[in-house]
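Q: Numbering-wise, the working numbering puts 59 at position 63 of the sequence shown, and it's gapless, one number per residue.
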Amino acid sequence: MLAPGVVTRFHDSDPTSPLRVFGVPKHMLLEFRVLGAPCSVTTATTLSLIRALEEAKAHPARLVLNGRPGCGKSFLLLQAAQYASSSREWIVLYIPRARRLVDASTPYAYSLATRTYVQPRAARETLARLGRANAHLLAHLRTTVSVTLDGKTAAVPVRAGAPLLALVDAGTADEAAAPAALDALLRELGVQTRFPVLLAIDDFQALAGGSMYRDPHFRMIRPHHLGLPRLLLEYASGRRTLARGLVLGALTRSDPQFPVSDQLAASLRIPEEFEPTPRSAAPKTVRALRAIRVPDALSVREAAALFELWLDAGVLRTGAKEAGADELFLAKYAESSGNARVFVWGGLLATLQTLG
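#1: My guess is that GLN153 and THR144 are in contact by the Cβ rule of under 8 Å, so how many angstroms apart are they, rounded?
#2: Report, in whole angstroms, the separation of the C-beta atoms of PRO21 and PRO92, which I expect to be a contact under 8 Å.
#3: Alpha carbon to alpha carbon, how far is LYS53 from PRO14? Give it in angstroms, no decimals.
#4: Quick one: grab the DSSP three-state call for TYR231.
#5: Identify, in the order they occur along the chain, each residue of the same chain with its Cβ nearer than 7 Å to the Cβ of CYS67, setting aside the five sequence neighbours on each side.
#6: Enumerate, from N- to C-terminal direction, the unbroken beta strand (DSSP E) stretches of 3 or more residues contained entirely within the segment 181 to 241.
#7: Is DSSP giving VAL2 helix, strand or coil here?
#8: When we look at the beta-carbon of MET208 and count the other beta-carbons within 10 Å, is it buried (16 or more) or exposed?
#9: Does the Cβ of LEU108 have 16 or more other Cβ atoms within 10 Å, making it buried, or fewer, making it exposed?
#10: Leaving out the 5 sequence neighbours to the left and right, which residues in its chain are closer than 7 Å to LEU161 when beta-carbon positions are compared?
#11: Counting pairs of beta carbons, one from the segment 109 to 128 and one from the segment 72 to 81, are three or more of them closer than 8 Å?
#12: Just to confirm my understanding: we take THR347, look at its own chain, exclude 5 residues before and 5 after, and list those with CB closer than 6 Å. What are they?
#13: When we look at the beta-carbon of PRO103 and count the other beta-carbons within 10 Å, is it buried (16 or more) or exposed?
#14: Give a yes or no on contact between the segment 186 to 203 and the segment 229 to 245, applying the rule of three or more CB pairs nearer than 8 Å.
#15: Would you check if the distance between the CB atom of ASN216 and the CB atom of GLY223 is smaller than 9 Å?
#16: Does the distance from the CB of ARG236 to the CB of ARG286 come in under 9 Å?
#17: Short check: CB of THR149 to CB of ALA202, under 9 Å?
#18: To the nearest whole angstrom, what separates the beta carbons of ARG190 and LEU137, a pair I think is in contact under 8 Å?
#19: Does the segment 24 to 42 come within contact of the segment 173 to 181, defined as at least 3 CB pairs closer than 8 Å?
#20: Using 10 angstroms around the beta-carbon of PRO219, count the other beta-carbons present and answer buried if the total reaches 16, otherwise exposed.
#21: From GLY1 to TYR90, what does the alpha carbon distance come to, in whole angstroms?
#22: For PHE214, which of ALA100, GLU27, SER332, HIS7 has the nearest alpha-carbon?
#23: To the nearest angstrom, how far is the alpha carbon of ALA309 from that of ALA299?
#24: Between the C-alpha atoms of ALA(-1) and GLN78, what's the straight-line distance to the nearest angstrom?
#25: Quick one: is the Cβ of VAL290 within less than 8 Å of any heavy atom of the ligand NAP?
#26: What's the gap between the Cα of PRO255 and the Cα of ARG155?
#27: For the beta strand (DSSP E) containing ASN335, name the first residue and the last one.
#28: With distance defined between alpha-carbon atoms, name the residue in ALA321, LEU326, TRP306 nearest to LEU296.
#29: Around the C-beta of SER250, are 16 or more other C-beta atoms found within 10 angstroms, so that it is buried, or is it exposed?
#30: In whole angstroms, what separates the C-alpha of TRP341 from that of LEU302?
#31: Going by other Cβ atoms of all chains shown within 10 Å of its Cβ, with 16 needed for buried, is ALA169 buried or exposed?
#32: Give me whichever residues DSSP pairs with ARG286 in a beta bridge.
#33: Taking just the CA atoms, how far does TYR106 sit from GLU171?
Here it is, written out as structure tokens:
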């Protein structure tokens, strides 16, 4: 039963789970390795996201999680993806590191057909993971229109009425055809009404700022001129829509390379951290999004559950049943002001290093 303060484990043993198929952000991976198991604590915001998922089955929505660094936005995003995946009725595309789509870590080439810079390798990896995580649902869906994919050596036709998995197979077999195959697959998923679709994007702010890519004149290529970031932005902005489902993003507030731009902050109406910009018009790419404020601090009940989780894992060598455990919890909760990341890394794990 889900309730605030309940510890849940991510399904790392399920070969179709988001954690196994798509991976997780680096800081979460490090935490899971230290902890020994991929676990998290259910919060009140977790339950709010679950309600949003249930409502999105009938009323599609586009939301972005915002909050101070360390408040748990990435964990919430993974919890939403895990909930949708475990229900066995959602098609899930989880992007745990969207910054990798704009940090020049994957090959790119200009496409005259789309007038954007396509990223064949990134598109192929995304297509393969989308197919592997949702094969049991994609097997029930078929294409509504014929598509011809431009492969490396020859055109790859996919007829109308073919299984959607045919697009996955075509794109993964020929990397050059992967961008068009992924585009066609997402279009089909957007119009079908049998299964709701969750598009979960971490590091969302990286898609609405600058990039590390350069054109032949060494000018910066904006994310909306890159194939995969543009595709994600079109769904986030409402230019492309989902008949059923939810687009859910999370802002990373601690990345100096890809910070939240002033324009994005103004569009999401985040006045507490940003002053209004001189530009009166919000960018069209993010105008349709609605920000959800994640609380800065865990409640005492949620923090206590997190403390017990680390204590039971044997990481804290303070004595789980000793009288000093309560004092330690209250001290670290007060020192961190309830911030989840500071509570764990600057509090509990710092205590481990100090007490040895």
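Beta carbons are placed, not taken as given, at the ideal position from N, Cα and C, and that holds for glycine.
A: Taking the definition as stated:
#1: Mapped onto the sequence shown, residue 153 falls at position 157. Mapped onto the sequence shown, residue 144 falls at position 148. The residue you asked about is not Gln; residue 153 is Pro in the sequence shown. Going by Cβ atoms, the distance from PRO153 to THR144 rounds to 5 Å, so yes, they are a contact pair.
#2: Counting from 1 along the sequence shown, the entry for residue 21 is found at position 25. Counting from 1 along the sequence shown, the entry for residue 92 is found at position 96. About 5 Å; that satisfies the 8 Å criterion.
#3: As a working mapping, residue 14 is identified with position 18 in the sequence shown. As a working mapping, residue 53 is identified with position 57 in the sequence shown. The alpha-carbon atoms of PRO14 and LYS53 are separated by roughly 20 Å.
#4: Position 235 of the sequence shown holds residue 231. TYR231: helix per DSSP, three-state reduction.
#5: Residue numbering aside, residue 67 sits at position 71 when the sequence shown is read from its first letter. These residues qualify, in order along the chain: VAL290, PRO291, ASP292, ASN335, ALA336.
#6: 193 to 198
#7: Stepping through the sequence shown from its first residue, residue 2 is reached at position 6. Three-state DSSP puts VAL2 in coil, outside helix and strand.
#8: Taking the sequence shown and counting its residues from 1, the one referred to as residue 208 is at position 212. Per the 10 Å Cβ criterion, exposed.
#9: Within the sequence shown, residue 108 is the residue found at index 112, counting from 1. Result: exposed.
#10: Taking the sequence shown and counting its residues from 1, the one referred to as residue 161 is at position 165. So the list reads GLY127, ALA131, LEU134, ALA135, once near-sequence residues are dropped.
#11: no
#12: Taking the first residue of the sequence shown as 1, we reach residue 347 at position 351. None.
#13: As a working note, residue 103 is residue 107 in the sequence shown. By the neighbour-count rule (16 or more Cβ atoms within 10 Å), PRO103 is not buried but exposed.
#14: yes
#15: In the sequence shown, counting from the first residue as 1, residue 216 sits at position 220. In the sequence shown, counting from the first residue as 1, residue 223 sits at position 227. According to the sequence provided, residue 216 is Met. The question's Asn does not apply to it. In this structure, GLY223 does not lie closer than 9 Å to MET216 by Cβ.
#16: Locating residue 236 in the sequence shown gives position 240, counting from the first residue. Locating residue 286 in the sequence shown gives position 290, counting from the first residue. Result no, Cβ atoms of ARG236 and ARG286 do not sit closer than 9 Å.
#17: Stepping through the sequence shown from its first residue, residue 149 is reached at position 153. Stepping through the sequence shown from its first residue, residue 202 is reached at position 206. The answer is no: Cβ separation not under 9 Å.
#18: Within the sequence shown, numbered from 1, the residue matching residue 190 stands at position 194. Within the sequence shown, numbered from 1, the residue matching residue 137 stands at position 141. About 7 Å separates the two Cβ atoms, so the contact holds.
#19: no
#20: One-based indexing of the sequence shown puts residue 219 at position 223. Under this definition PRO219 is a buried residue.
#21: As a working mapping, residue 1 is identified with position 5 in the sequence shown. As a working mapping, residue 90 is identified with position 94 in the sequence shown. Their backbone Cα atoms lie some 25 Å apart in a straight line.
#22: Position 218 of the sequence shown holds residue 214. Closest option to PHE214, Cα to Cα, is ALA100.
#23: Against the sequence shown, residue 309 aligns to sequence position 313. Against the sequence shown, residue 299 aligns to sequence position 303. Straight-line Cα distance between these residues: approximately 15 Å.
#24: Taking the sequence shown and counting its residues from 1, the one referred to as residue -1 is at position 3. Taking the sequence shown and counting its residues from 1, the one referred to as residue 78 is at position 82. Approximately 16 Å between the Cα atoms of the pair.
#25: Here there are no bound small molecules, and the ligand NAP is not part of this structure.
#26: In the sequence shown, residue 255 corresponds to position 259, counting from 1. In the sequence shown, residue 155 corresponds to position 159, counting from 1. C-alpha separation (whole angstroms): 43 Å.
#27: Within the sequence shown, residue 335 is the residue found at index 339, counting from 1. Here ASN335 belongs to no beta strand (DSSP E), and DSSP marks it neither H nor E.
#28: By one-based count along the sequence shown, residue 296 stands at place 300. This sequence places Val at residue 296; Leu is not what is there. When only C-alpha atoms are compared, the closest one is LEU326.
#29: Within the sequence shown, residue 250 is the residue found at index 254, counting from 1. So SER250 counts as exposed.
#30: On the sequence shown, residue 341 is found 345 positions in, with the first residue counted as 1. On the sequence shown, residue 302 is found 306 positions in, with the first residue counted as 1. Distance between the alpha carbons of TRP341 and LEU302: 12 Å.
#31: Working through the sequence shown from its first residue, we reach residue 169 at position 173. By the neighbour-count rule (16 or more Cβ atoms within 10 Å), ALA169 is not buried but exposed.
#32: Taking the sequence shown and counting its residues from 1, the one referred to as residue 286 is at position 290. Answer is LEU59, bridged to ARG286.
#33: Within the sequence shown, numbered from 1, the residue matching residue 171 stands at position 175. Within the sequence shown, numbered from 1, the residue matching residue 106 stands at position 110. One C-alpha to the other measures close to 15 Å.
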